[in-house]
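Peer 1: These protein sequence lines are chains B and U, in that order.
Counting from 1, position 51 in the first sequence corresponds to residue 51 in this note's numbering; the numbering is continuous, with no gaps.
Remember, this note's numbering sits 1000 above the position in the second sequence when you count from 1.
Glycine is no exception: its CB is placed at the ideal position from the N, C-alpha and C atoms.
In this text, all values refer to a predicted model and were calculated from it rather than measured experimentally.
There are 2 protein chains.
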Amino acid sequence: MHVGVDIGGTKVLAVEVTGSGDDLAVAASAQVPMPGRDAPDAEVEEAVARAALDVAAGRPLAAVGVSAAGLVDRERERVRFAAHLPWRDAPVRARLAALLGTTVVLDNDANCAAHAELVAGALRGTSAALLVTVGTGIGGAVVVDGRVHRGANGLAGEFGHVQVVPDGLQCECGLKGCWEQYCSGRALERLTRVTLGSHLDGREVATLAREGDRTAREAFATIGTWLGVGIAGLVSAYDPEVVVVGGGVSAVGDLLLEPARSALVGALQGTAYREVPAVVPTRFGPEAGAVGAALMAAEARR
Amino acid sequence: MHVGVDIGGTKVLAVEVTGSGDDLAVAASAQVPMPGRDAPDAEVEEAVARAALDVAAGRPLAAVGVSAAGLVDRERERVRFAAHLPWRDAPVRARLAALLGTTVVLDNDANCAAHAELVAGALRGTSAALLVTVGTGIGGAVVVDGRVHRGANGLAGEFGHVQVVPDGLQCECGLKGCWEQYCSGRALERLTRVTLGSHLDGREVATLAREGDRTAREAFATIGTWLGVGIAGLVSAYDPEVVVVGGGVSAVGDLLLEPARSALVGALQGTAYREVPAVVPTRFGPEAGAVGAALMAAEARR
């Protein structure tokens, strides 16, 4: 069997997928907490292995796809840097292959998500498109000619660390004013901390927003507006047919996407004279990275 | 003969090119003032025709390439919108073909410049690259797989209107905080107005900077820093091998490019763990758009 494992800032999610096209589905999943960005590398690697083995539940693993929220090199061997993970130029693919005793393929989480959406989701049949994932931080992927465009060094799509506010909020990556400081689970927590308390994570803020809590809704409107402003810049630069939004925070749906669509129109040059791309959710939502990694694992074994 | 005409915010430049590869050169050129963004469309079209006929100097025109600083549609028939030109969804190619009585090809100025650099300049042999033109405003082009990537609607590369400062300076395009408000000939004029007087244009500020004038040098350092910050965002998104900088303001060379290179390193995530692309001048400088348009005209006739 093939398993896909997605490593985000707060959790490690493993999935098994079955079927194809419209029938592609997650057959089983397992989740373990991410040990944290200050944990030893090995602890994160063990968490990945544990999640994969949980899903396998005793069945032999033919291949494991690993989706990581960080800079993955062009050879897809190493995680070079990750704002929310401990790895620094670490040979993650080989380490996990040794740990799991099976074939491992590694890619950036947003590239994995874009692959899943291209194969069986919201990007099927598109040529020029963008995917933005909103989770602990922001990830992204660029689709050109119907394929994930990797860039000169495999690092294309790192949208989260584009500066949107000069000398703005301090980012975990060391820079200031990065887009993900204004539009992410972390931003939600920051925006609601004073009124709702510091115990809430992004998921709980989402639950409150769906229930109508005003502070929670305003927080989503704020990060949604920042999502649209950032997307406007990417649309000016790329001119995509469609922008697909995934990641854990996007599970809230239109509470995030509606303000993003409004802000996109408001921040795009010459909208009276040009197309404004649709902003739509991913099909696979917060599982897109893991699903894409599982598909890559299956392809690696063919 | 084939002529390329570039229409910028302040001037219309026509060139004839000869040779190919390293020997490609501008054999003749002519320049007329741009009538301005509030002039009637026909006046700008007549200026284009006049510049082309000046260069032709009585020789028959086989084809004319036209490079326009604005949004050109995917069919390359219409200028849809331009912050510094009067055209609004105007059938510019057909109008100029009628006026000149010859074949006319139309493209966005930065796409033309990128074409010139790909054929015979700083982008020869590159696969993933970006071109940024700094003139009255900012233009841009995206190179993927060694070709100009046009996007879903032909509008890729409109970097100038990416927001870099929330609620920032008012832009001619109607938005606020656009990148070109902080890095352009207009920005140079604004930064030097109080100390050096309102009569100076970008070219004169450049002359003063070369002569060592402190205000002029600081103005170039300021817009160069903004150039680097903006390029950092594009590098995060695209991961190019190289970033080529052209446009009239870039003629000043390292007075602009050195602060841009420093700011790029300072504003890019994880530089200890990733490649930082070189920031280099175009080969064809302020003439790149016109040269590329001339090459497109020659190709259209083959």
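Relative to the alpha-carbon of Ala1082 of chain U, which residue among U:Arg1124, U:Val1015, U:Cys1171 and U:Ser1236 has its alpha-carbon at the smallest distance?
Peer 2: Nearest C-alpha to Ala1082 of chain U: U:Cys1171.
Peer 1: Within the 8 Å Cβ cut-off, does Ser1184 of chain U reach chain B?
Peer 2: Not closer than 8 Å to any Cβ of chain B, the Cβ of Ser1184 of chain U fails to qualify, so no.
Peer 1: Suppose only complete runs of 3+ residues qualify. What are the beta strand (DSSP E) ranges in the segment 1088-1125 of chain U, listed by chain order?
Peer 2: Here the runs fully enclosed are 1103-1108.
Peer 1: Excluding five sequence neighbours on each side, which residues of the same chain lie with their C-beta closer than 6 Å to the C-beta of Val165 of chain B?
Peer 2: Gly177.
Peer 1: Quick check: the Cα distance between Val119 of chain B and Gly21 of chain B, rounded to an integer number of angstroms?
Peer 2: Looking at the two C-alpha atoms, the distance is approximately 7 Å.
Peer 1: For chain U, check one thing: does any of its Cβ atoms lie closer than 8 Å to the Cβ of Ser236 of chain B?
Peer 2: So yes, Ser236 of chain B belongs to the interface.
Peer 1: For the segment 91-107 of chain B against the segment 62-76 of chain B, are there 3 or more C-beta pairs whose distance is under 8 Å?
Peer 2: Enough Cβ pairs lie closer than 8 Å, so yes.
Peer 1: Can you give me, in chain order, the residues of the segment 171-201 of chain B that have a beta carbon less than 7 Å from any beta carbon in chain U?
Peer 2: Within the segment 171-201 of chain B, the qualifying residues are Cys173 and Leu175.
Peer 1: Per DSSP, what kind of secondary structure is Ala1236 of chain U in: helix, strand or coil?
Peer 2: Looking at the sequence itself, residue 1236 of chain U is Ser, so the reference to Ala does not match. If DSSP states are grouped into helix, strand and coil, Ser1236 of chain U belongs with the helices.
Peer 1: Excluding sequence positions up to five away, which residues of its chain have a Cβ less than 7 Å from the Cβ of Val265 of chain B?
Peer 2: For Val265 of chain B, where only same-chain residues beyond five positions count, the Cβ hits under 7 Å are Thr271 and Val276.
Peer 1: Which residue comes first and which comes last in the beta strand (DSSP E) that contains Pro33 of chain B?
Peer 2: Start and end: Ala25 to Pro33.
Peer 1: Beta carbon of Val72 of chain B, beta carbon of Val5 of chain B: below 8 Å?
Peer 2: The answer is no: Cβ separation not under 8 Å.
Peer 1: Determine which residues share a DSSP beta bridge with His1149 of chain U and list them.
Peer 2: U:Val1142.
Peer 1: Considering just the uninterrupted stretch of the beta strand (DSSP E) at Pro1259 of chain U, what are its terminal residues?
Peer 2: Per DSSP, Pro1259 of chain U belongs to no beta strand (DSSP E); it is in the alpha helix (DSSP H), Asp1254 to Gly1266.
Peer 1: Whose C-beta lies closer than 6 Å to the C-beta of Pro1240 of chain U among residues of the same chain, with five residues either side of it excluded?
Peer 2: For Pro1240 of chain U, where only same-chain residues beyond five positions count, the Cβ hits under 6 Å are Ala1128, Ala1129, Leu1130 and Pro1277.
Peer 1: In terms of alpha-carbon separation, which member of U:Asp1089, U:Gly1202 and U:Asp1109 lies closest to Glu1189 of chain U?
Peer 2: The candidate whose alpha carbon is nearest that of Glu1189 of chain U is U:Gly1202.
Peer 1: Do you know whose CA, among B:Val32, B:Arg80 and B:Ala98, lies nearest Gly70 of chain B's CA?
Peer 2: Looking at the Cα atoms, B:Arg80 is the closest of the given residues.
Peer 1: Going by DSSP, name the residue or residues bridged to Pro178 of chain B.
Peer 2: Position check: residue 178 of chain B holds Cys in this sequence, whereas Pro was assumed. Bridge partners of Cys178 of chain B: B:Gln163.
Peer 1: Should Ile1231 of chain U and Ser1184 of chain U be called a contact, given that it needs their Cβ atoms to be closer than 8 Å?
Peer 2: Against a cut-off of 8 Å, the Cβ pair of Ser1184 of chain U and Ile1231 of chain U comes out as no contact.
Peer 1: If you compare alpha carbons, which of B:Ala293, B:Ala300 and B:Ala298 is closest to Ala113 of chain B?
Peer 2: Residue B:Ala293 is the option with its Cα nearest to Ala113 of chain B.
Peer 1: Mind pulling the chain B residues with CB within less than 7 Å of His1149 of chain U?
Peer 2: Per Cβ cutoff of 7 Å: Val144.
Peer 1: Find out if the Cβ-Cβ distance for the pair Leu1175 of chain U, Ala267 of chain B is shorter than 8 Å.
Peer 2: Contact flag set, yes.
Peer 1: When the Cα of Ile223 of chain B is compared with those of B:Asp213, B:Met34, B:Leu208 and B:Pro259, which residue comes out closest?
Peer 2: That would be B:Pro259, whose Cα lies nearest to the Cα of Ile223 of chain B.
Peer 1: Who are the neighbours of Ala152 of chain B on chain U, taking C-beta pairs under 9 Å?
Peer 2: Near Ala152 of chain B (Cβ distances below 9 Å), the residues of chain U are Thr1126, Ser1127, Ala1128, Ala1129, Tyr1238, Asp1239, Pro1240, Glu1241, Val1242, Glu1275 and Pro1277.
Peer 1: So which of U:Val1143, U:Ala1152, U:Val1142 and U:Ala1056 has the shortest CA-CA distance to Leu146 of chain B?
Peer 2: The sequence shown places Gly at residue 146 of chain B, not Leu. Of the candidates U:Val1143, U:Ala1152, U:Val1142 and U:Ala1056, the one whose C-alpha sits nearest the C-alpha of Gly146 of chain B is U:Ala1152.
Peer 1: For the beta strand (DSSP E) containing Gly1065 of chain U, list its first residue and its last residue.
Peer 2: That run of the beta strand (DSSP E) goes Ala1063 to Ala1068.
Peer 1: Would you call Glu1045 of chain U buried or exposed, if buried means 16 or more other Cβ atoms sit within 10 Å of its Cβ?
Peer 2: When all chains shown are included, Glu1045 of chain U counts as buried.
Peer 1: Measuring alpha carbon to alpha carbon, tell me which of B:Val134, B:Ala263 and B:Arg210 ends up nearest Asn255 of chain B.
Peer 2: The question names Asn, yet the displayed sequence has Leu at residue 255 of chain B. Ranking the options by Cα distance to Leu255 of chain B, first place goes to B:Arg210.
Peer 1: With distances taken Cα to Cα, identify the nearest neighbour of Leu99 of chain B among B:Val48, B:His149 and B:Thr136.
Peer 2: The residue with the shortest Cα to Cα distance from Leu99 of chain B is B:Val48.
Peer 1: Under the three-state reduction of DSSP, which class applies to Phe1220 of chain U: helix, strand or coil?
Peer 2: Phe1220 of chain U: helix per DSSP, three-state reduction.
Peer 1: Using the beta-carbon of each residue, which ones in chain U are nearer than 7 Å to Arg88 of chain B?
Peer 2: What Arg88 of chain B touches in chain U: Tyr1273.
Peer 1: Using C-beta distances below 7 Å, list every residue in its chain close to Ser1262 of chain U, excluding the 5 sequence neighbours before and after it, in chain order.
Peer 2: Contacts found: Gly1228.
Peer 1: Using only the alpha-carbon positions, how far apart do Thr1126 of chain U and Glu1117 of chain U sit?
Peer 2: Cα to Cα, the separation comes out at about 10 Å.
Peer 1: Among all the DSSP beta bridges, which residues are the ones paired with Ala1129 of chain U?
Peer 2: DSSP, once it has assigned bridges, lists U:Val1143 and U:Val1242 as partnering Ala1129 of chain U.
Peer 1: Check the Cβ of Asp1158 of chain U against every Cβ in chain B and list those closer than 8 Å, keeping chain order.
Peer 2: Residue 1158 of chain U is actually Glu in this sequence, not Asp. Near Glu1158 of chain U (Cβ distances below 8 Å), the residues of chain B are Ser236, Ala237, Asp239 and Gln269.
Peer 1: Go through its chain and collect everything with a Cβ distance to Leu234 of chain B's Cβ below 6 Å, but skip five positions before and after it.
Peer 2: The residues are Leu130.
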